[in-house]
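For the record, the sequence lines run as chains R and W.
Residue 1 is where the first sequence starts when you use the numbering used here, and the numbers rise one by one after that.
Residue 1 is where the second sequence starts when you use the numbering used here, and the numbers rise one by one after that.
Glycine included, C-beta positions come from ideal geometry on N, C-alpha and C.
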Amino acid sequence: MSRDEIAAVARLERVSKKLGGRLVLEDLSLDLRAGEVTALLGPNGAGKTTSVGVLTGRLAADGGKASIFGLDPSRPAARARMGVMLQSAGLPDVLTVRELVTLQSGYYRRPRDLARTMALAGLEGLESRRAGTLSGGQSRRLLYALAICGEPDLLVLDEPTTGLDHEARRGLWATVRDEADQGAAVLLTTHYLEEADALADRIVVINAGRIVADGSPASIKASVAGSTIRCRTELPDALLAALPTVRSVARSGAAATLLAGDGAAATRALLAADPHLFDLTVTAASLEDALDNLSTDHREAA
Amino acid sequence: MMNSALAAPAGVFVREGVAELKKSLRLPQFALPTIITPAVFYALFAVGMSGANAGAATYSLATFGVFAATGPALFGFGAGVAVERESGLIELKRVSPLPAGAYVTAKLVAAGAMAALALALIYGLAMFAGVRLAPDRWALLVLIHMLSAIPYALFGFAVGMRLGAKGAIASANAMYLGFSILGGLWMPITSLPVWIQKVAWITPSFHLGQLALSVIGMPSQGSTLAHLIGIGVITILAARLALTGWRRSPA
Numbered sequence: 001m002s003r004d005e006i007a008a009v010a011r012l013e014r015v016s017k018k019l020g021g022r023l024v025l026e027d028l029s030l031d032l033r034a035g036e037v038t039a040l041l042g043p044n045g046a047g048k049t050t051s052v053g054v055l056t057g058r059l060a061a062d063g064g065k066a067s068i069f070g071l072d073p074s075r076p077a078a079r080a081r082m083g084v085m086l087q088s089a090g091l092p093d094v095l096t097v098r099e100l101v102t103l104q105s106g107y108y109r110r111p112r113d114l115a116r117t118m119a120l121a122g123l124e125g126l127e128s129r130r131a132g133t134l135s136g137g138q139s140r141r142l143l144y145a146l147a148i149c150g151e152p153d154l155l156v157l158d159e160p161t162t163g164l165d166h167e168a169r170r171g172l173w174a175t176v177r178d179e180a181d182q183g184a185a186v187l188l189t190t191h192y193l194e195e196a197d198a199l200a201d202r203i204v205v206i207n208a209g210r211i212v213a214d215g216s217p218a219s220i221k222a223s224v225a226g227s228t229i230r231c232r233t234e235l236p237d238a239l240l241a242a243l244p245t246v247r248s249v250a251r252s253g254a255a256a257t258l259l260a261g262d263g264a265a266a267t268r269a270l271l272a273a274d275p276h277l278f279d280l281t282v283t284a285a286s287l288e289d290a291l292d293n294l295s296t297d298h299r300e301a302a
Numbered sequence: 001m002m003n004s005a006l007a008a009p010a011g012v013f014v015r016e017g018v019a020e021l022k023k024s025l026r027l028p029q030f031a032l033p034t035i036i037t038p039a040v041f042y043a044l045f046a047v048g049m050s051g052a053n054a055g056a057a058t059y060s061l062a063t064f065g066v067f068a069a070t071g072p073a074l075f076g077f078g079a080g081v082a083v084e085r086e087s088g089l090i091e092l093k094r095v096s097p098l099p100a101g102a103y104v105t106a107k108l109v110a111a112g113a114m115a116a117l118a119l120a121l122i123y124g125l126a127m128f129a130g131v132r133l134a135p136d137r138w139a140l141l142v143l144i145h146m147l148s149a150i151p152y153a154l155f156g157f158a159v160g161m162r163l164g165a166k167g168a169i170a171s172a173n174a175m176y177l178g179f180s181i182l183g184g185l186w187m188p189i190t191s192l193p194v195w196i197q198k199v200a201w202i203t204p205s206f207h208l209g210q211l212a213l214s215v216i217g218m219p220s221q222g223s224t225l226a227h228l229i230g231i232g233v234i235t236i237l238a239a240r241l242a243l244t245g246w247r248r249s250p251a
């Protein structure tokens, strides 16, 4: 195997995909490298799950090419070293946790030790429970166990922490990080910015099926550094948007949220324009705001 | 197939089959009705009402056997696939190293086992009612009955991959009852209105029922060759529908 292939465990090359006549992915390229956690971040409907579908061989690309370990993902041989956790998969209620994990482990050539898988997924003590009797969070952990039981070199997690409480989420982050530290390439889709920030080496932001930003969590923040200004004002949106350095305006009733490159300059102009303005707060833009802004910019450009 | 052999360890087919059987046995409320209903119908209509007439019991054995084999195929396999597709389980199997055929094969094996149970009940009742057949006739009859499950399983699967779970269960019911009545499984085909006797030719149940009747020397309609061609054409059509359903299902 060449050095290049070792570096890129999985790859989407200029992939486009239409579903129901709508272009869901457009010219999307993505490299997943060993030992690296890549977060695919975007609003609902951005194409995250479709990207996972193409990468895992469940959906065929209409244009471009997907490969894992240099092979077409639709071939079972290509999936032999991949583990996948889907957003929703109803497991057979009547089979026990142990039976399901044992069955899935049997799909792999060199599976993990069963007890080790249970420990990593936090399922100790639940081995004899039937899947139908598990809580929401326990079911998610079972799906995670099925993804990692083969000790995969490529781990794909579609919104893995949805439905988990804070503690369980942190626990999962730690084990996902371990998988990457042991050399697995990890792709994680999420709409939790905190999650991408805490876990990922690289964040790829997608919106409307296209990549709008790609970089380290720090660089994603830096590219849209600025301030979030919240206030209640009667001024029309168009006027707010025309204030100095304002990038976007969101509004619900009288409450307006502005994103501005220069918070001080925008706030001065805002106060001058509306002497009756109240409930003013100015904060540094969070990653979430940054993402909203990137997504909005793209929509306006399109 | 080469790829499949490379991807997953030996024995996945067996382990997948065992898991499917466990699922069927632990959910008796789903499997039991399709196993017991044919035997109850057979006991009531063929054995009970005919006053333990061995001739009537023998005639009905042929057609009720087809009925018994098709329930598990339509519901256990066809509708079962639809339910697991809706829940996302099939997606999970498809992105795993499991060969594509293993899941489908395992479900077929489980449905076949349930069909065998349903048939065993009917055969037991038939012998109790005095039905006597030569061993080679028994063997052919069992073969036809078990093979009856195949076209039904394919139809159930084709529908299951296209409709949601509820739609698949509703259409499985329609096929279960419709094919049974129109194909003359419950009442001798000759006792039905002439238009039904004509419509019967496009049902799998008619061909299977008449083949089963002819191998045990009971009066039947049409020639063996015509029924073999009929069931062959229907099975190929069902297989095509099943295959296109499987291919298009992810979208």
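At a Cβ-Cβ threshold of 7 Å, valine 97/R and leucine 126/R count as neighbours.
Annotation: aspartate 113/R is outside any beta strand (DSSP E) and is labelled neither H nor E by DSSP. Residues of chain W whose Cβ lies closer than 7 Å to the Cβ of threonine 56/R are, in chain order, Val95. A contact between stretches requires three or more CB pairs, one per stretch, nearer than 8 Å, and the stretch 15 to 30 of chain W meets this requirement with the stretch 104 to 118 of chain W.
With respect to the 7 Å criterion, glycine 137/R and leucine 157/R are not classified as neighbours on the basis of their beta carbons. In terms of Cα proximity to alanine 8/R, the closest of Ala66/R, Gly45/R, Tyr192/R, Thr233/R is Ala66/R.
In the three-state DSSP reduction, serine 16/R falls in the strand class (E or B). Across the set Arg251/R, Ser219/R, Arg247/R, Ser227/R, the C-alpha of Arg251/R shows the shortest separation from the C-alpha of proline 236/R. For glycine 35/R, the CB contacts under 6 Å within the same chain, skipping 5 residues up- and downstream, are Ala180, Gly183 in chain order.
Contact annotation: serine 24/W and methionine 114/W have beta-carbon atoms nearer than 7 Å. Near chain R, meaning a CB-to-CB distance below 7 Å, the residues of the stretch 21 to 34 of chain W are Lys22, Lys23, Arg26, Leu27. In terms of Cα proximity to leucine 141/W, the closest of Ala200/W, Ala62/W, His207/W is Ala62/W. It is roughly 33 Å from the alpha-carbon of alanine 198/R to the alpha-carbon of glycine 106/R. When C-alpha distances from leucine 25/R are compared across Ser51/R, Ala39/R, Asp31/R, Val37/R, the shortest belongs to Ser51/R. When CB distances to chain R are screened at a threshold of 9 Å, the residues of the stretch 75 to 88 of chain W falling below it are Val83, Glu84, Glu86, Ser87, Gly88, in chain order.
A contact between stretches requires three or more CB pairs, one per stretch, nearer than 8 Å, and the stretch 85 to 93 of chain R fails this requirement with the stretch 108 to 119 of chain R. Chain order gives no chain R residues near arginine 240/W, where near means a beta carbon separation below 9 Å; the closest approach is about 20 Å. Near chain W, meaning a CB-to-CB distance below 9 Å, the residues of the stretch 114 to 147 of chain R are Arg130, Leu143, Leu146.
The residue from Tyr192/R, Thr190/R, Arg177/R, His191/R with its alpha-carbon nearest to that of aspartate 201/R is Arg177/R. The beta carbon of leucine 108/W sits no closer than 7 Å to any beta carbon of chain R. When Cβ-Cβ separations below 7 Å define contact, arginine 112/R makes no contact with chain W.
With respect to the 7 Å criterion, isoleucine 169/W and alanine 39/W are not classified as neighbours on the basis of their beta carbons. Between the stretch 84 to 99 of chain W and the stretch 186 to 206 of chain W, the count of C-beta pairs closer than 8 Å stays below three; the two stretches do not touch.
The straight-line gap separating the alpha-carbon atoms of glycine 55/W and valine 131/W is approximately 8 Å.
Flagged as an interface residue toward chain W: valine 84/R, by a C-beta distance shorter than 7 Å. Under DSSP, the beta-bridge partners assigned to alanine 66/R are Leu12/R.
Judged by beta-carbon spacing, leucine 41/R lies within the 7 Å limit of alanine 196/R, meaning their Cβ atoms are closer than that value. In the DSSP annotation of this structure, the continuous segment of the alpha helix (DSSP H) that includes isoleucine 150/W starts and ends at 135 to 162. Interface residue (Cβ-Cβ distance to chain R less than 7 Å): arginine 247/W is not classified as such. Rounded to whole angstroms, the separation of the alpha carbons of valine 101/R and lysine 22/W is 15 Å. Proximity of arginine 162/W to chain R, defined by a Cβ-Cβ separation below 7 Å, is not satisfied. Near chain W, meaning a CB-to-CB distance below 7 Å, no residue of the stretch 154 to 176 of chain R qualifies.
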